[in-house]
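Shown next, in structure tokens, is the structure this report addresses.
There are 2 protein chains.
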Amino acid sequence: MAAVNPIARNLPVPRTTRQAQAAETRAALLTAARRVFGERGYLNTKITDITAAAGRSTGSFYEHFADKGQLLRALVGEMEAAADAHLAQHDHPADHDLTDRAQLRDHVAIAWTVMREHRPVTGAQFQSMIAADPGSGRAWQDLLDQTSTLREHLDHLREQGHRLPGDPQLIAAAIGAMLGLLGYAAPAQPADDDRIIDSLTDLLLHGLAGPLAGGAAG
Amino acid sequence: MAAVNPIARNLPVPRTTRQAQAAETRAALLTAARRVFGERGYLNTKITDITAAAGRSTGSFYEHFADKGQLLRALVGEMEAAADAHLAQHDHPADHDLTDRAQLRDHVAIAWTVMREHRPVTGAQFQSMIAADPGSGRAWQDLLDQTSTLREHLDHLREQGHRLPGDPQLIAAAIGAMLGLLGYAAPAQPADDDRIIDSLTDLLLHGLAGPLAGGAAG
DNA sequence: GTCTATACCCTGATAGAC
DNA sequence: GTCTATCAGGGTATAGAC
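Residue numbers (the numbering used here), protein chains in the order written: chain G, 1431 to 1648; chain P, 1431 to 1648.
Written out as structure tokens, the structure is:
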């Protein structure tokens, strides 16, 4: 199970490879953490679980990270970089119109896909957010931070005379809450993703009493 | 800070009052737990925190509860009893029509109010759900359980020929996710509750592109 | 930089007197 | 039934050899 550690021997290590080895260990810890976070969850994972899965010693961990939270931040940073690179491939209209179904669906799909493809990391982030001291307001702050772009789109809509259901910040947070918790809780079944994305899009676009709601047609 | 414990003396206790004292200790533990859960959160609260807040000894805890989770279940039971009693005062139409704004708003308002009035308990329940092993699927199951009534209402709508945005179970879970996480994360400011309830109602009723959306009127 | 070994603290849970 | 005292286990973080 545990990967073989090439440094665990008492052999002399050429100086030039030492920092490469360090980077390798750091990467091994990150990869192992991603795996065990996915299996047992972030909160239930101990530092010794991570080092064991990476085939490194306990003490080695602290050479790279001060604690579990810092390692999580590094994983989140990696994920955001990957997501940004992925997004750069897509064309984005400069002025979003979230009342256009295709554009709204794109946003829902991107959020959903990122959550699912990086489930161990987003799940860990979610657990960390919920476990924070309630008095700290971190959950609310995180929710606002992660929906700030959405909020800007809603602000934009409102400036153009659109009548929204409520304050853009609140609506953005509500949508983020729906996607965030549903994405965390729903079982991972990629075959269902399209159906879920379509359903959420329609719910957010027209609600329960939308234009489709009245008819008896199937 | 800690309440005075009348049994902490070595005085003889009349037999008839012993079970009353036990009930009192149990109640003191529940009340103290509710308070510390609200302050530090469920996950960060240790059993010794509860007993200290209740002015009882550590060992006394185990006479009443096997562990922290069982105590939480007791608190949830109390809350549900209170909520049921509260709901019994209101008239409920036998056949709900969630596409009627007043009825939808009632449901949103009830869910929101219960969450907020029992914040320490619902917050603890939420933390407990999120901290569970991801592989257990408990988060998803809890979400389904807590939205089963809503789902029935949506089933009812569909049977009457209403076209919903998606599978009733999924839509109910999505709405529950929105309310649940938002209710957990949003700062407690009762003055804002009505505004939030109205906004969420409108979002769920007509979405972002609802009938109000197009006009430039304020 | 990594390892082994360990000190330390915290927490859950129990034993036995009253 | 409650208390005091304590034990056992687990987890973080460090020390020092290599």
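Here a beta-carbon is modelled for each residue, glycine too, at the ideal position from N, C-alpha and C.
Just so you know, these numbers come straight off a predicted model, no measurement behind them.
Check                                                                                                                 : Outcome
For K1498(P), the three-state DSSP class (helix, strand or coil)                                                      : helix
CA-to-CA distance, T1552(P) to K1498(G), given in whole angstroms                                                     : 27 Å
Nearest-angstrom beta carbon gap, S1629(G) and P1689(P) [assumed within contact, 8 Å]                                 : Since the first residue of chain P shown is 1431 and the last is 1648, residue 1689(P) is not available in this structure.
CB contact flag (F1491(G), T1481(G), <8 Å)                                                                            : yes
Expected contact under 8 Å - CB spacing of L1505(P) and R1456(P) to nearest Å                                         : The pair is not a contact, with the Cβ atoms about 12 Å apart (cut-off 8 Å).
Between the CA atoms of G1606(G) and T1631(G) - distance to the nearest angstrom                                      : 13 Å
Alpha-carbon to alpha-carbon, R1486(G) and A1569(G)                                                                   : 33 Å
Spatially closest choice to L1580(P) from E1508(P), I1540(P) and H1516(P), by CA coordinates                          : I1540(P)
R1503(G) versus R1531(G), Y1472(G), H1522(G) and H1636(G), residue with shortest Cα-Cα distance                       : Y1472(G)
Classification of T1488(P) by the beta-carbon crowding that lies within 10 angstroms, buried from 16 upward           : exposed
Cβ contact check for the segment 1512–1524 of chain P and the segment 1551–1567 of chain P: 3 or more pairs under 8 Å : no
Cross-chain neighbours of A1541(P) in chain G, by beta carbon under 7 Å                                               : Here the premise fails: no neighbours, minimum Cβ distance about 13 Å.
Listed by chain order, chain G residues near P1595(P) by CB distance under 9 Å                                        : D1628, S1629, L1630, T1631, D1632, L1633, L1634, L1635, H1636, G1637, L1638, G1640, L1642 and A1643
R1546(G) versus P1620(G), R1625(G) and R1470(G), residue with shortest Cα-Cα distance                                 : P1620(G)
L1584(G) CB to nearest heavy atom of the ligand ATP below 7 Å                                                         : Among the ligands in the structure shown, none appear at all, so the ligand ATP cannot be discussed.
Interface residues of chain P facing P1617(G) [CB-CB closer than 8 Å]                                                 : G1567 and W1570
Pair within 8 Å by beta-carbon distance, A1604(G) and L1638(P)                                                        : no
Short CB-CB distance (under 8 Å) between G1610(P) and chain G                                                         : yes
Contacting residues, own chain, Cβ-Cβ under 8 Å from S1578(G) (five flanking each side not counted)                   : A1602
Min CB distance G1499(G) to chain P below 8 Å                                                                         : no
Close-in-space but distant-in-sequence residues of the same chain around L1573(P) (CB under 6 Å, 5 per side omitted)  : A1603 and G1606
L1584(P) to H1636(G) span [Cα, whole Å]                                                                               : 16 Å
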